[in-house]
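Undergrad:
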Amino acid sequence: MKRTNYAGRTNESQIGEEVVLKGWVAKRRNLGGLIFIDLRDREGIVQLVFDEKQDPAAFKVANECRSEYILEVRGLVRERAEINPDLPTGKIEVEVKEANILAKSQTPPFEVKDNVDASEDLRLQYRYIDLRRPEMMKNMKLRSKVASIIHNYYDNNDFMDVETPDLTRSTPEGARDFLVPSRLYPGHFYALPQSPQLFKQLLMAAGVDRYYQMARCFRDEDLRGDRQPEFTQVDTEMSFATAEDIQDMTEGLIKRVMKEALNVDVKTPFPRMEWQEAMDRYGSDKPDTRFGMLITDLSDIVKDSSFKVFSGTVADGKFVRAICVPGGADHYSRKDITKKEDYIKRYGAKGLAWVKVTADGYNGPIAKFINDLAAPINERLGAKEGDLILFVADSFHVVADSLGYLREKIAHEMDMIKPGQWNYLWVVNWPMFEYDEGFGKWIAAHHPFTMLNEEDLHYLEDGEDPHKAHAQSYDIILNGNEIGGGSIRIHDPKIQEKVFKALGYTKEEARARFNFLIKGLENGMPPEGGLAFGFDRWVMLLAGADNIRDVIPFPKNSKGIEPMTAAPGTVDQEQLDELHIDVKDDSENN
RNA sequence: GGUCCGUUGGUCUAGUUGGUUUAGGACGCAUCCCUGUCACGGAUGAGAUCACGAGUUCGAGUCUCGUACGGACCGCCA
């Protein structure tokens, strides 16, 4: 029997026609002499009817069917007497004349339905069953659709799809590399790419001019809900382009994806926000602009306050900043606020000061210290009776992280985010370098090949402070999530040398690490720049999923294990010998 | 590397201050009845050494410690 159409696409136009369908038994309803089976394939569900009197042979097969058996059926499409409005195929049903079981199935470990009640661990172990769920199938289809639009878009704009190697060389910058031992060269290793960054720059040196690739990338770091060790980047690079050129090109793509995949019109150009403003007002380099409650600096107002925590902090050159939670006074108890305080301590905050705004002034533990400043504070924050004001007094980064977190958390808890918003924006003008407390040295905020602003070039000269420089880099943000980032690259080897110097590399160290790139610059590199999208994360947001695993067919769990195959696993001694590898026994240290 | 939370039939879960609980329910599963269901209905039934190990106690699903596994977060992710 040759299939005539997908079960889920059977429709009224086929009434009276004979169809052949193949699919899974989603549900069986046995009424005695009459059996209904919901047949499911990737496109949806259609109701089959088996009548014992009319088609006893087919009926017998239906009687044997169990959940998730795979069936082929031949039958007549007919109109239903009573339509089911909950089903896209609810106006019709298929009267089955012939049926064969193509595969039997054990009772599935969980039911194939949309409101899953199975644990994620179990879903991942039986992922092929989990993926049958319409929700998951929909996510895979969306992913496929978006990928197709991306290919189409860049192809139409003269971008060349060029593959870069997966077996490459370890570079010490950035994330930990996944290493692949070389059989031919004992003690030598390939590394899987963290991104094709250097290759795409060298493709510009090759004259490719416009490059894109759906590139697999690998980073051996701990996982998060929006982070997997292997992921897909939409990687792009353009020669002779300015930051604006690249942003325009990217906006064009986003506009098309939103229209064609979700039928949503987004307005371009997207807003541009300075990195400094994002940090000051949103406490984040990926601001969520779907709601207000902006962070407000109060340092100047409270600098002489009798509350020593505030005045002392300002005297130390640090900051007192606050958010005003509209209607927060009733919503949050003293105990709730203590919980929030405990939470922000993980960002280094020493405490969370708060007041509730009442008709008679401030209320709360620090009210007596700052009641005299209530008028200017309320005015600046726009605070009114019934609001809750949360203050953090600390260094720039601690204040930003703490209040940035609280702003997000409270917005979710108090339902301040109206659904259906797609707030794309660019965060621009990033610092070129940032100080890493852990390593005690300056590191590249973006990566070491990022071009700084032309007017900041003088900071690289002797006797100036290079760390004041800002970069020609830009991140694309959607609803408070970083979905991509890029920059104009350094194409002048002299500037590149100065940047390496500012990062504390000697010439020899820079050569040792990035020889091939430096040579590329010396052999003539066009001015160029690009951008890379986190494809998985973007699709996650487009799908409305809150976990990146829901848009990856076979993801790793939060511990980096893939539960279906149980990777990573041990290998035979023979394989290790061939790779010249001894495995250290760490058991004593554990 | 660290912090917090969780683990009870196939699945999701209830289980109070440690004691009438033969560990309850829903879904699923099995058998039987049923020709218009679509969360089908009805009847009956099977299925759990309460993650593992140690401890406290007259008595542990319940308390303590450890281990394993899972989840969230901090660090990390140029």
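Read in order, the letters of the first sequence are residues 616 to 1205 in the working numbering.
The beta carbon of each residue, even a glycine, is placed where N, CA and C say it ideally should be.
Counting C-beta neighbours from all protein chains within 10 Å, is the total for G1078 16 or more, i.e. buried, or is it exposed?
TA: As a position in the first sequence, residue 1078 is number 463, starting the count at 1. Exposed: under 16 other Cβ atoms inside 10 Å.
Undergrad: Below 8 angstroms between beta carbons: does that hold for I698 and N626?
TA: Residue numbering aside, residue 698 sits at position 83 when the first sequence is read from its first letter. Residue numbering aside, residue 626 sits at position 11 when the first sequence is read from its first letter. No; because the gap between Cβ atoms is not below 8 angstroms, this pair is not in contact.
Undergrad: Taking the runs of the beta strand (DSSP E) that are 3 residues or longer, which of them lie wholly in the stretch 1111 to 1170?
TA: Complete beta strand (DSSP E) runs here, min 3: 1143 to 1149.
Undergrad: With a CB to CB cut of under 6 angstroms and the five nearest residues on each side skipped, what residues in its chain are close to Y769?
TA: Position 154 of the first sequence, counted from the start, is the residue given in the question as residue 769. Taken in chain order, the residues that qualify are Y827.
Undergrad: Would you list the residues sitting across from G690 in a DSSP beta bridge?
TA: Within the first sequence, residue 690 is the residue found at index 75, counting from 1. Answer is V634 and V711, bridged to G690.
Undergrad: Under a Cβ-count criterion, where at least 16 other Cβ atoms within 10 Å of its own Cβ denotes burial, should N1138 be classed as buried or exposed?
TA: Translated into positions along the first sequence, residue 1138 becomes position 523. The residue is exposed, with fewer than 16 neighbouring Cβ atoms inside 10 Å.
Undergrad: Using the beta-carbon count (16 or more within 10 Å), is A1080 buried or exposed?
TA: On the first sequence, residue 1080 is found 465 positions in, with the first residue counted as 1. Sequence check: residue 1080 is Asp here, not Ala. Exposed.
Undergrad: Does the beta-carbon of N645 have 16 or more other beta-carbons within 10 angstroms, so that it is buried, or is it exposed?
TA: Here residue 645 corresponds to residue number 30 of the first sequence, with the count starting at 1. Counting Cβ neighbours within 10 Å, N645 comes out exposed, since fewer than 16 surround it.
Undergrad: Go ahead and pull the three-state DSSP assignment for R618.
TA: On the first sequence, residue 618 is found 3 positions in, with the first residue counted as 1. If DSSP states are grouped into helix, strand and coil, R618 belongs with coil.
Undergrad: Can you tell which of W639, F934 and Q662 has the C-alpha that lies nearest to the C-alpha of R747?
TA: On the first sequence, residue 747 is found 132 positions in, with the first residue counted as 1. Looking at the Cα atoms, W639 is the closest of the given residues.
Undergrad: Kindly give me the distance between the Cβ atoms of D841 and R1152, rounded to whole angstroms, as I take these residues to be in contact under 8 angstroms.
TA: As a position in the first sequence, residue 841 is number 226, starting the count at 1. As a position in the first sequence, residue 1152 is number 537, starting the count at 1. With a Cβ gap of about 5 angstroms, D841 and R1152 count as contacting.
Undergrad: Do three or more CB pairs link the stretch 688 to 697 to the stretch 717 to 737 at distances below 8 angstroms?
TA: Cβ pair count under 8 angstroms is below three, so no.
Undergrad: Our contact map puts I1103 next to G1144 with C-beta atoms below 8 angstroms; I'd like the distance itself, whole angstroms only.
TA: By one-based count along the first sequence, residue 1103 stands at place 488. By one-based count along the first sequence, residue 1144 stands at place 529. Going by Cβ atoms, the distance from I1103 to G1144 rounds to 4 angstroms, so yes, they are a contact pair.
Undergrad: Is it a yes or a no for the stretch 1028 to 1038 touching the stretch 965 to 974, going by three-plus beta-carbon pairs under 8 angstroms?
TA: They do not touch, by the three-pair rule.
Undergrad: Quickly, what does DSSP pair V795 with across the bridge? List them, please.
TA: Counting from 1 along the first sequence, the entry for residue 795 is found at position 180. According to DSSP, V795 bridges with Y805.
Undergrad: So, with DSSP's three-state summary, where would you put N1096?
TA: On the first sequence, position 481 is the one that residue 1096 refers to. Strand.
Undergrad: Buried or exposed: where does R961 fall if 16 or more other Cβ atoms within 10 Å of its Cβ makes it buried?
TA: Here residue 961 is taken as the residue at index 346 of the first sequence, counted from 1. Classification for R961: exposed.
Undergrad: Since N978 is in the beta strand (DSSP E), which residue starts that stretch and which ends it?
TA: For this step, residue 978 is matched to residue 363 along the first sequence. G976 to N978 is the span of the beta strand (DSSP E), which, as asked, contains N978.
Undergrad: Under 7 angstroms Cβ to Cβ from V881, same chain only, skipping five residues before and after it: list those, please.
TA: To locate residue 881, count along the first sequence from 1; it is residue 266. Within the same chain, V881 has close Cβ partners I869, K870, M873, W1037 and Y1039.
Undergrad: Could you check the C-alpha separation between A1086 and P1178 for me, to the nearest Å?
TA: Sequence index remark: in the first sequence, residue 1086 carries index 471 (1-based). Sequence index remark: in the first sequence, residue 1178 carries index 563 (1-based). Roughly 42 angstroms separates the two Cα atoms.
Undergrad: Ignore the nearest five residues each way along the sequence and tell me which others in I764's own chain have a CB closer than 7 angstroms to its CB.
TA: Residue 764 sits at position 149 when you count from the first residue of the first sequence. Cβ neighbours of I764 beyond the five flanking positions: R871, V872, E875 and A876.
Undergrad: Within this structure, are the beta carbons of F774 and F833 separated by less than 8 angstroms?
TA: For the purposes of this step, residue 774 is taken as residue 159 along the first sequence, with counting starting at 1. For the purposes of this step, residue 833 is taken as residue 218 along the first sequence, with counting starting at 1. Taking 8 angstroms as the Cβ cut-off, F774 and F833 do not qualify as a contacting pair.
Undergrad: Helix or strand or just coil, what does DSSP make of A930?
TA: Residue 930 sits at position 315 when you count from the first residue of the first sequence. Three-state result, A930: helix.
Undergrad: Look at A653 and K642 and say whether their C-beta atoms are less than 8 angstroms apart.
TA: In the first sequence, counting from the first residue as 1, residue 653 sits at position 38. In the first sequence, counting from the first residue as 1, residue 642 sits at position 27. First, the residue type needs correcting, since residue 653 is Asp and not Ala in the sequence shown. Against a cut-off of 8 angstroms, the Cβ pair of K642 and D653 comes out as a contact.
Undergrad: Can you tell which of E1193, R655, W1045 and L967 has its C-alpha closest to the C-alpha of K901?
TA: As a position in the first sequence, residue 901 is number 286, starting the count at 1. When only C-alpha atoms are compared, the closest one is W1045.
Undergrad: Please classify A1059: does DSSP put it in a helix, a strand, or coil?
TA: Locating residue 1059 in the first sequence gives position 444, counting from the first residue. Reduced to three states, the DSSP call for A1059 is strand.
Undergrad: DSSP state of L1072, grouped into three classes?
TA: For the purposes of this step, residue 1072 is taken as residue 457 along the first sequence, with counting starting at 1. The answer is helix: DSSP assigns L1072 an H, G or I state.
Undergrad: Check whether the stretch 1124 to 1138 and the stretch 1086 to 1101 are in contact - that is, three or more C-beta pairs closer than 8 angstroms.
TA: In short, these stretches do not touch, since the Cβ pair count stays below three.
Undergrad: Going by beta carbon distance, what residues of the same chain come within less than 7 angstroms of K1199, once the five residues before and after it are set aside?
TA: Looking up residue 1199 in the first sequence gives position 584. Within the same chain, K1199 has no close Cβ partners at all.
Undergrad: How about F1150 and V795: do their beta carbons lie closer than 8 angstroms?
TA: Position 535 of the first sequence, counted from the first residue, corresponds to residue 1150. Position 180 of the first sequence, counted from the first residue, corresponds to residue 795. Contact: no.
Undergrad: If you follow the beta strand (DSSP E) that G659 is part of, which residue opens it and which one closes it?
TA: Reading the first sequence from its first residue, position 44 is the one you call residue 659. Taken as a continuous stretch (DSSP letters only), the beta strand (DSSP E) holding G659 covers G659 to D666.
Undergrad: Can you grab the Cα-Cα spacing for the pair D1002 / V940, in whole Å?
TA: Locating residue 1002 in the first sequence gives position 387, where the first residue counts as 1. Locating residue 940 in the first sequence gives position 325, where the first residue counts as 1. D1002 and V940: Cα-Cα distance of roughly 6 angstroms.
Undergrad: Check this for me: beta carbons of F1169 and R738, under 8 angstroms apart or not?
TA: Counting from one through the first sequence, the residue named residue 1169 turns up at place 554. Counting from one through the first sequence, the residue named residue 738 turns up at place 123. No, these two residues do not count as a Cβ contact at 8 angstroms.
Undergrad: Can you tell me whether Q1188 is buried or exposed, with buried defined as 16 or more other CB within 10 angstroms of its CB?
TA: Residue mapping note: residue 1188 aligns to position 573 of the first sequence, counting from 1. Q1188 is exposed by the Cβ-count criterion.
Undergrad: Taking the C-alpha atoms as reference points, what is the distance between I916 and S899?
TA: Counting from 1 along the first sequence, the entry for residue 916 is found at position 301. Counting from 1 along the first sequence, the entry for residue 899 is found at position 284. For I916 and S899, the distance between alpha carbons rounds to 24 angstroms.
Undergrad: Give the straight-line distance between the Cα atoms of E632 and F725, rounded to the nearest whole angstrom.
TA: Working through the first sequence from its first residue, we reach residue 632 at position 17. Working through the first sequence from its first residue, we reach residue 725 at position 110. Going from the Cα of E632 to the Cα of F725 covers about 35 angstroms.
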